[in-house]
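Protein chains in written order, with this note's numbering: chain X, 1 to 241; chain A, 1001 to 1196. Where is the CB? At the ideal position from N, CA and C, for every residue including glycine. Below: the structure, in structure tokens.
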Amino acid sequence: MILPDMKMAEMIHLNYEFVSVINRFNIKLGFGDKTIHEVCEDNSVNIDFFLAIINAYYDNDYFPKEQLKSFPVNMITSYLKKNHEYYLFDKIPELESLIKKMILECYQKNHKSDLLDSFFTNYKEELIAHVSYEDEVVFPYALNVEKAYLSGKVTSEIKEQMKNYSIKTYLDKHDDVEEKLYDLKNIIIKYLPAPVNSFLCNKVLFELFYLEKDLDDHSMLEEKVLIPKVEEMEKSIFIRI
Amino acid sequence: MNVIRVSIVHESYIIRKGFSSLLLEFPEIFALPGLDSIEMIEERLKKDDPHVLLIQSEIVLKNKSLISKLRNSFSTKLFIELVHQNVNPSNLFPIIYIDNSKQDLVTSINRLILDRYKSKYELIESSDLSDREKAVVREVALGYTNKEIADRLFISTHTVITHRKNITRKLGIKTVSGITVYAILNKLVEMSELKK
Chain X
1 MILPDMKMAE
11 MIHLNYEFVS
21 VINRFNIKLG
31 FGDKTIHEVC
41 EDNSVNIDFF
51 LAIINAYYDN
61 DYFPKEQLKS
71 FPVNMITSYL
81 KKNHEYYLFD
91 KIPELESLIK
101 KMILECYQKN
111 HKSDLLDSFF
121 TNYKEELIAH
131 VSYEDEVVFP
141 YALNVEKAYL
151 SGKVTSEIKE
161 QMKNYSIKTY
171 LDKHDDVEEK
181 LYDLKNIIIK
191 YLPAPVNSFL
201 CNKVLFELFY
211 LEKDLDDHSM
221 LEEKVLIPKV
231 EEMEKSIFIR
241 I
Chain A
1001 MNVIRVSIVH
1011 ESYIIRKGFS
1021 SLLLEFPEIF
1031 ALPGLDSIEM
1041 IEERLKKDDP
1051 HVLLIQSEIV
1061 LKNKSLISKL
1071 RNSFSTKLFI
1081 ELVHQNVNPS
1091 NLFPIIYIDN
1101 SKQDLVTSIN
1111 RLILDRYKSK
1121 YELIESSDLS
1131 DREKAVVREV
1141 ALGYTNKEIA
1151 DRLFISTHTV
1161 ITHRKNITRK
1171 LGIKTVSGIT
1181 VYAILNKLVE
1191 MSELKK
């Protein structure tokens, strides 16, 4: 279990994947021998939230649902938004260029390997739509619900919003964006002809596996933390109205 | 990939974690989040719908009547008792001895869980598509809906859906675009035939 007085550098050694997770809190490398507590303080990051996320990421059997639900919606959605930026501006472009390269080098560009290209483009568009929906509709709605819940003031505006939309709509729509990713992995592993250059092919596969896991963890936060939290607030607002 | 869902009910975090870890080595098994007590077990059973429940012997012994009731209401589920040495099992259920070697644990899991589900649920070993399934793959790649496929192949929509589920399970491909790629790579359809 990762605790506040552990050195940030030691934490990274425990699991190198943490490097990208800390970036989502705007924490950059170069923190010397500082402890996690100190680094969080320096970066104005809530240490409890940070550790809850890190420990959940690290141990598949550990998910402090209630503790995560206790944090303000803003904290949760800011983190989720940072994840979105990471996917859209870092991960996907990287994958895209790797796949293009892979098509050229591994499969000697022929019209069948274009299949991969258009398949991935398709996936990219789905992911962008999914993420934009969350950023533009779901998160602002969640924030509004929290505002009404905390202030006790249910404005007619919010009432209107809540009449036409509930967080359950989002849950029902939370389709498996990961499905295409899963298919892509299987197609590369099983059904594409043997690549000329395995190195690049493997690189793409590793990135896909990694992205899939990351998206899984991300979905857990949305489905097991944000949605239930907002649902509870919605219920108590409806009781008041 | 057909997956057997397993839930572990044990007071010890270490045991739950250890078992989760062991079960990771079986691709046919999916270990659900574990429970540390009998509390909320009925809700969990309904929600997670596991095929198999691994329950700590001490918990069974302390809650014999509740567990017997559960066993009766969830009769399609497999209950297995996790027994630590020096504890007398309840004899209500088949047993796995936690203190055994990895080899013996794996053998028990194979014998009690995998073998049972291989025969009961007929986990499909062959990943070869039947001719019918190939035909459906082709239709999906061509962009037809389930209803249209049913009409074109003179079968019911229900049959089409069943075929598609089997196809997904055999190939490990879930989406329509994935199936399309598979179809092209395996020459079930030509790129020129595709809509759009």
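Taking only the alpha-carbon atoms, compute the straight-line gap between residue i and residue j and give it to the nearest angstrom.
i	j	result
K101 of chain X	D5 of chain X	44 Å
M1 of chain X	Y62 of chain X	10 Å
E160 of chain X	E146 of chain X	15 Å
N1091 of chain A	L1105 of chain A	19 Å
I1124 of chain A	K1170 of chain A	Unreliable positioning characterises I1124 of chain A in this predicted model, as indicated by a pLDDT of 48, which lies under 50. A coordinate reading is not provided.
V137 of chain X	S151 of chain X	21 Å
E1190 of chain A	D1049 of chain A	42 Å
D1099 of chain A	L1032 of chain A	22 Å
A56 of chain X	S1007 of chain A	20 Å
S1057 of chain A	K91 of chain X	47 Å
V1176 of chain A	I1004 of chain A	25 Å
I154 of chain X	N144 of chain X	According to the sequence displayed, residue 154 of chain X carries Val and not Ile. Near 10 Å, if we compare the C-alpha coordinates of N144 of chain X and V154 of chain X.
K224 of chain X	Q1103 of chain A	36 Å
D42 of chain X	T35 of chain X	11 Å
N1088 of chain A	I1041 of chain A	23 Å
I1055 of chain A	S97 of chain X	49 Å
M1001 of chain A	G30 of chain X	Only weak support exists for where M1001 of chain A lies, its pLDDT of 48 falling under 50; the value from the coordinates is given anyway. Each residue's Cα considered, the two are about 44 Å apart.
R1016 of chain A	S1192 of chain A	53 Å
K1165 of chain A	I1173 of chain A	10 Å
V131 of chain X	H84 of chain X	6 Å
T1197 of chain A	L88 of chain X	The question about residue 1197 of chain A has no answer here: the residues shown for chain A are numbered 1001 through 1196.
L1188 of chain A	V1140 of chain A	11 Å
N164 of chain X	I1109 of chain A	50 Å
Y1144 of chain A	E1011 of chain A	51 Å
E231 of chain X	S78 of chain X	19 Å
K1069 of chain A	S1075 of chain A	10 Å
Which same chain residues end up closer than 7 Å to residue i when comparing Cβ atoms and leaving out the 5 residues on each side of it in sequence?
i	result
D114 of chain X	none
A1129 of chain A	What sits at residue 1129 of chain A in the sequence shown is Leu, not Ala. Taken in chain order, the residues that qualify are V1137, I1167 and K1170.
T1157 of chain A	N1146, K1147 and A1150
Y133 of chain X	none
A1135 of chain A	L1153
Which whole-angstrom value is the C-beta distance of residue i and residue j, which I expect to be below 8 Å?
i	j	result
C201 of chain X	P195 of chain X	4 Å
I1198 of chain A	V1009 of chain A	The structure shown does not extend to residue 1198 of chain A, since chain A spans only 1001 to 1196, so no value can be given for it.
V39 of chain X	I27 of chain X	6 Å
I167 of chain X	I227 of chain X	5 Å
E234 of chain X	M162 of chain X	7 Å
D183 of chain X	G1178 of chain A	3 Å
V73 of chain X	L127 of chain X	About 23 Å; that fails the 8 Å criterion.
N24 of chain X	Y123 of chain X	Going by the sequence as given, residue 24 of chain X is Arg instead of Asn. Their Cβ separation, rounded to whole angstroms, is 22 Å, which puts R24 of chain X and Y123 of chain X out of contact at 8 Å.
Given residue i, which residues of its chain have a CB within under 8 Å of its CB, disregarding the five upstream and five downstream residues?
i	result
M75 of chain X	N46 and F49
Y1013 of chain A	D1036
R1116 of chain A	L1078
L3 of chain X	I36 and L51
V19 of chain X	I12 and L29
L1112 of chain A	L1078, I1080, P1094 and I1096
K991 of chain A	Nothing can be reported for residue 991 of chain A, as the shown portion of chain A is limited to 1001 through 1196.
L1142 of chain A	V1189, E1193, L1194 and K1195
Can you list, in chain order, the residues of its chain whose CB lies under 6 Å from that of residue i, leaving out five sequence neighbours each side?
i	result
E10 of chain X	none
F1030 of chain A	V1003 and R1005
I211 of chain X	Per the sequence presented here, residue 211 of chain X reads as Leu, with Ile not at that position. Excluding residues within five positions, the ones whose Cβ falls inside 6 Å are K91.
V1052 of chain A	V1006, L1078 and I1113
F139 of chain X	T77
L68 of chain X	A52 and V225
Kindly say whether residue i, judged by its beta-carbon, lies nearer than 8 Å to any beta-carbon of chain C.
i	result
K224 of chain X	Included in the structure are the protein chains X and A, with no chain C among them.
* Inter-stretch contact at 8 Å, needing at least 3 Cβ pairs: the stretch 42-59 of chain X / the stretch 1018-1033 of chain A -> Verdict: no, contact absent.
inquiry  = Just to confirm the assignment: which complete alpha helix (DSSP H) runs, minimum length 4, are found wholly within the stretch 176-232 of chain X?
reply    = DSSP runs (the alpha helix (DSSP H)) wholly in the stretch 176-232 of chain X: 178-186 and 198-220.
Should the stretch 176-189 of chain X be called in touch with the stretch 205-215 of chain X, which here means at least 3 C-beta pairs below 8 Å? The stretch 176-189 of chain X makes contact with the stretch 205-215 of chain X: 3 or more CB pairs, one atom from each, lie closer than 8 Å.
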